[in-house]
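A.B. asks:
2 protein chains.
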Amino acid sequence: MRALVLSDQLTFNPNYPAPTPAPGEAIIRVTRAGICNTDLELIKGYMGFRGVLGHEFVGVVESITPAPAGPLPIIRPGERVVGEINAVPLASPSRDWHQRAQDPARTTLGIDRRDGVFADYTRLPLVNLHRVPDAVSDDEAVFVEPLAAACQIVQQVHLKPTDRVAVLGDGKLGLLCAQVLATTACDLTAIGKHAAKLDILKQRGIRTMQVSEAGSIEARRFDVVVECTGSPAGFDLARQLLRPRGTLVLKSTYEGLPQANLTMIVVDEITVVGSRCGPFEPALRLLAHKRVDVTSLIHARYPLHEGVRALEHAGRPGVLKVLLDIVS
Amino acid sequence: MRALVLSDQLTFNPNYPAPTPAPGEAIIRVTRAGICNTDLELIKGYMGFRGVLGHEFVGVVESITPAPAGPLPIIRPGERVVGEINAVPLASPSRDWHQRAQDPARTTLGIDRRDGVFADYTRLPLVNLHRVPDAVSDDEAVFVEPLAAACQIVQQVHLKPTDRVAVLGDGKLGLLCAQVLATTACDLTAIGKHAAKLDILKQRGIRTMQVSEAGSIEARRFDVVVECTGSPAGFDLARQLLRPRGTLVLKSTYEGLPQANLTMIVVDEITVVGSRCGPFEPALRLLAHKRVDVTSLIHARYPLHEGVRALEHAGRPGVLKVLLDIVS
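Residue numbers (my numbering), protein chains in the order written: chain A, 1 to 328; chain B, 329 to 656.
1) Hey, does residue 252/A have any beta-carbon neighbour from chain B nearer than 9 Å?
2) Hey, how far is the Cα of residue 232/A from the Cα of residue 192/A?
3) Measure the CB-CB distance between residue 576/B and residue 600/B and report whether it falls below 9 Å.
4) Please list, in chain order, the chain A residues whose beta carbon lies closer than 9 Å to that of residue 391/B.
5) Using a Cβ cut-off of 7 Å, which residues of the segment 428-453 of chain B contact any Cβ in chain A, in chain order?
6) Near residue 281/A, which residues of its chain fall below 7 Å by C-beta distance, leaving aside the five closest residues on each side in sequence?
7) Opposite residue 536/B in the DSSP bridges: which residues?
8) Alpha carbon to alpha carbon, how far is residue 109/A from residue 87/A?
9) With distances taken between CB atoms, is the gap from residue 186/A to residue 162/A smaller than 9 Å?
10) Does the segment 444-456 of chain B touch the segment 373-387 of chain B, meaning 3 or more C-beta pairs lie closer than 8 Å?
11) Any chance you could list the beta strand (DSSP E) runs of at least 3 consecutive residues sitting entirely within the segment 207-291 of chain A, in chain order?
12) Between 32/A, 164/A, 67/A, which has its C-alpha nearest residue 59/A's C-alpha?
13) Using CA atoms only, rank isn't needed, just tell me which of 487/B, 475/B, 548/B, 431/B is closest to residue 507/B.
14) Using a Cβ cut-off of 9 Å, pull out every chain A residue sitting near residue 507/B, in sequence order please.
15) Since residue 228/A contacts residue 251/A with CB under 8 Å, what's their CB separation in whole angstroms?
16) Have a look at residue 399/B and residue 274/A and give me their C-alpha separation to the nearest angstrom.
17) Any beta-carbon of chain B closer than 9 Å to the one on residue 94/A?
18) Compare the C-beta of residue 262/A with all C-beta atoms of chain B and state if any pair is closer than 9 Å.
19) Using a Cβ cut-off of 9 Å (strictly closer), state whether residue 268/A contacts chain B.
20) How far does the beta strand (DSSP E) with residue 131/A in it extend, from its first residue to its last?
21) Decide if residue 412/B is buried, meaning its Cβ has at least 16 other Cβ atoms within 10 Å, or exposed.
22) For residue 208/A and residue 198/A, which I take to be in contact (beta-carbon distance under 8 Å), what is that distance rounded to the nearest angstrom?
23) Name, please, each residue of chain B whose Cβ falls closer than 9 Å to the Cβ of residue 12/A.
24) For residue 269/A versus residue 245/A, is the C-beta spacing smaller than 9 Å?
25) Within 10 Å of its beta-carbon, does residue 281/B have 16 or more other beta-carbons around it, so buried, or fewer, so exposed?
26) On the DSSP bridge list, what partners appear for residue 355/B?
27) Indicate the three-state DSSP secondary structure (helix, strand or coil) for residue 4/A in the structure shown.
28) Name the DSSP bridge partner or partners of residue 491/B?
29) Cβ of residue 585/B less than 9 Å from any chain A Cβ?
30) With 9 Å as the threshold, decide whether the Cβ of residue 601/B is near any Cβ in chain A.
31) Would you report the Cα separation of residue 310/A and residue 316/A, rounded to the nearest angstrom?
32) Please tell me whether residue 240/A has its Cβ less than 9 Å away from any Cβ of chain B.
33) Keeping to the same chain, check which residues put their C-beta closer than 7 Å to that of residue 206/A; ignore five residues upstream and five downstream.
34) If you draw a straight line from the alpha carbon of residue 473/B to that of residue 481/B, how long is it in whole angstroms?
35) Look up residue 652/B in the DSSP assignment and give the residues it is bridged to.
36) Pop quiz: residue 200/A and residue 287/A are said to be a contact at Cβ under 8 Å. What is the actual Cβ separation, rounded to whole angstroms?
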């Protein structure tokens with residue numbers, strides 16, 4: 001099959017071996033895939049990953065290999081699916097997405113010891129798959145994985161209607177997080193650097209602010225700040241915007257070991273919450289009910305065989321989502 | 329009056345002006361005071377503090393100036409007291425210790441714009457004072473402030489009986505934190521570098537471990553880790569000992585801006601809780617009921633006029649609590 005394979009560098013391989021089905025797993029024909037910042041970091045060496053890149057996808061179930069002693073699969077060949085990226089062995093006691101996401105025996109789709117989705121076919125445990133409702137297009141479904149990560153914020157932190165909440169960063173993840181937080185009754189402000197990106201939120205009635213204006217607002221105004229910049233400067237600004245005893249949610253990974261003002265975390269008694277993968281079903285519901293707009297984030301699309309160019313494009317400053325059309 | 333005063337350096341001043349009583353405040357004759365690591369940091373320049381150093385004390389109320397419209401004071405002259413260090417203006421809406429500790433208008437005893445307790449007299453708002461029960465000696469009462477800070481951990485974090493909890497660091501604060509956590513039903517391990525210090529805990533039936541052995545224990549074993557070393561290496565070890573989705577409590581302040589692995593906080597979905605000043609009444613109860621042993625931490629005592637030497641002594645490696653006898 002065709003695949004974008006990461007070894008010393010990323011290359012398009014027209015003859016990569018197709019995945020072998022394992023008990024309890026499905027083979028999925030990938031139709032569309034999304035490029036994530038993590039893919040760009042993996043190319044730079046993060047996690048030391050080798051194999052087929054990619055973890056954001058929508059596809060059609062090609063075949064199923066039931067587990068010998070397991071329950072009958074509820075997903076059938078021909079169905080359109082998205083898939084959670086953390087895969088655990090059949091024998092693992094982890095029974096739900098929340099346990100699987102931190103299972104020490106997990107492999108992670110296109111990130112850690114498991115071939116990913118920038119290919120004609122991929123494989124995943126049946127328990128990882130979620131049927132995509134007809135109301136959700138392929139272009140939307142490809143956003144389910146990062147949208148689920150945004151939902152994880154409200155899964156972990158209780159946002160009260162009276163809470164003043166800021167999302168810092170207007171990259172792909174920041175825009176999705178702001179839209180998910182806007183589904184709550186909290187008093188939300190999205191803070192970023194790019195007028196064009198913030199406009200996507202403004203058009204949905206979300207209050208936005210340039211990061212250059214953030215200095216002018218009352219310091220320590222926010223009860224909760226969600227850090228989506230992944231930069232030490234963003235971490236520090238987030239801390240300064242937060243009231244004493246507030247909650248700082250970290251969504252982004254950071255390059256290297258950034259310097260962080262741990263003393264002020266103690267003095268201000270801040271709670272820092274690390275937040276990563278999230279629940280797929282709420283993300284699918286938000287899309288089906290048109291409560292978030294993800295297609296405005298699509299900046300470009302490429303066929304699979306031009307994938308190396310697609311990833312270069314995704315790495316340019318200011319670019320939001322780049323899609324790969326595997327089957328067009 | 330006599331006082332240890334920090335300006336460009338720390339000096340003993342035999343003729344420092346006595347504090348002027350203000351409405352709603354008491355003048356307290358200090359009998360005994362304790363030297364804290366924060367005092368040593370203030371001498372190095374932390375907070376840019378200038379004035380009388382010291383915030384851990386026990387004393388006797390000398391005089392009271394009631395507030396014009398306030399309730400009658402429940403503390404009377406001649407009573408033995410300890411005092412919370414965060415002082416707010418009479419008009420502040422902060423009504424309890426928890427609000428005062430983060431009130432933006434607060435001054436802090438011997439730390440931030442308020443003369444401290446290494447002197448014959450000090451002053452504090454009446455609401456900050458707590459009567460010391462007869463069962464608690466002066467040597468014990470002088471530990472109430474740091475013991476309250478240790479109590480703040482269990483005030484902020486629910487430690488379940490099934491939780492595996494580690495305290496990292498066997499300095500003064502680490503030893504107090506371990507003893508307070510040992511009052512819960514959690515499965516506790518204190519980890520440090522100094523056999524003699526850990527012995528204080530061992531003798532109270534607390535499991536201890538050398539930090540050099542920490543590598544041999546099952547990684548990611550602990551549900552909660554309390555970081556009391558204040559070093560970047562301690563922060564990193566704490567993170568590594570913690571299970572995914574565990575809670576890391578930061579008790580110490582850090583010199584400068586340490587490097588911190590924020591990425592692993594996200595990947596492991598760790599919650600970091602900054603923890604500082606705590607409630608005095610529980611600390612007094614623990615002392616009155618002999619549920620903690622603080623006097624074993626006393627390494628030396630000096631008269632006030634030898635205070636500069638006392639602080640030098642307190643700064644030597646391996647030294648635990650050094651006391652100042654103001655009135656002996």
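Don't be surprised by glycine CBs; every beta carbon is placed ideally from N, CA and C.
C.D. replies: Reading from the atomic positions:
1) At least one chain B Cβ lies under 9 Å of residue 252/A.
2) Our two residues, residue 232/A and residue 192/A, have alpha carbons roughly 15 Å apart in a direct line.
3) The Cβ atoms of residue 576/B and residue 600/B sit closer than 9 Å to each other.
4) For residue 391/B, no chain A residue has a C-beta closer than 9 Å to its own C-beta; the minimum C-beta separation is roughly 33 Å.
5) Taking a C-beta cut-off of 7 Å against chain A, the contacting residues of the segment 428-453 of chain B are 430, listed in chain order.
6) The answer, listed in chain order, is 130.
7) 518/B.
8) Approximately 7 Å between the Cα atoms of the pair.
9) Contact: yes.
10) Enough Cβ pairs lie closer than 8 Å, so yes.
11) List check, beta strand (DSSP E) in window: 207-210, 222-227, 242-250, 271-274.
12) Each of 32/A, 164/A, 67/A was checked against the Cα of residue 59/A, and the nearest Cα belongs to 32/A.
13) Among 487/B, 475/B, 548/B, 431/B, the Cα nearest to that of residue 507/B belongs to 475/B.
14) Chain A residues near residue 507/B: none, gap ~20 Å exceeds 9 Å.
15) Contact holds; Cβ gap of about 5 Å.
16) Between the C-alpha atoms of residue 399/B and residue 274/A there is a straight-line separation of about 45 Å.
17) Residue 94/A does not count as touching chain B.
18) The beta-carbon of residue 262/A is placed less than 9 Å from the nearest beta-carbon of chain B.
19) Residue 268/A counts as touching chain B.
20) Taken as a continuous stretch (DSSP letters only), the beta strand (DSSP E) holding residue 131/A covers 129-131.
21) With 16 or more Cβ atoms within 10 Å of its Cβ, residue 412/B is classed as buried.
22) About 4 Å separates the Cβ atoms of residue 208/A and residue 198/A, confirming a contact at the 8 Å cut-off.
23) The contact set of residue 12/A on chain B, defined by CB atoms closer than 9 Å, is empty, because the minimum CB distance reaches about 29 Å.
24) Judged by their CB atoms, residue 269/A and residue 245/A are nearer to each other than the 9 Å cut-off.
25) Given a span of 329 to 656 for chain B in the structure shown, any question on residue 281/B remains unanswerable.
26) Answer is 391/B, 451/B.
27) When DSSP states are grouped into helix, strand and coil, residue 4/A belongs to the strand group.
28) Residue 491/B is not bridged by DSSP to any residue.
29) Against chain A, the CB of residue 585/B has a partner CB under 9 Å away; the residue lies at that interface.
30) Any Cβ of chain A closer than 9 Å to the Cβ of residue 601/B would place that residue at the interface, and such an atom is present.
31) Residue 310/A and residue 316/A have their C-alpha atoms spaced approximately 10 Å apart.
32) By this cut-off, residue 240/A is not an interface position.
33) These residues qualify, in order along the chain: 178, 182, 188, 190.
34) Looking at the two C-alpha atoms, the distance is approximately 14 Å.
35) Paired residue(s): 361/B, 630/B.
36) About 16 Å separates the beta carbon of residue 200/A from that of residue 287/A, a gap too long to meet the 8 Å contact definition.
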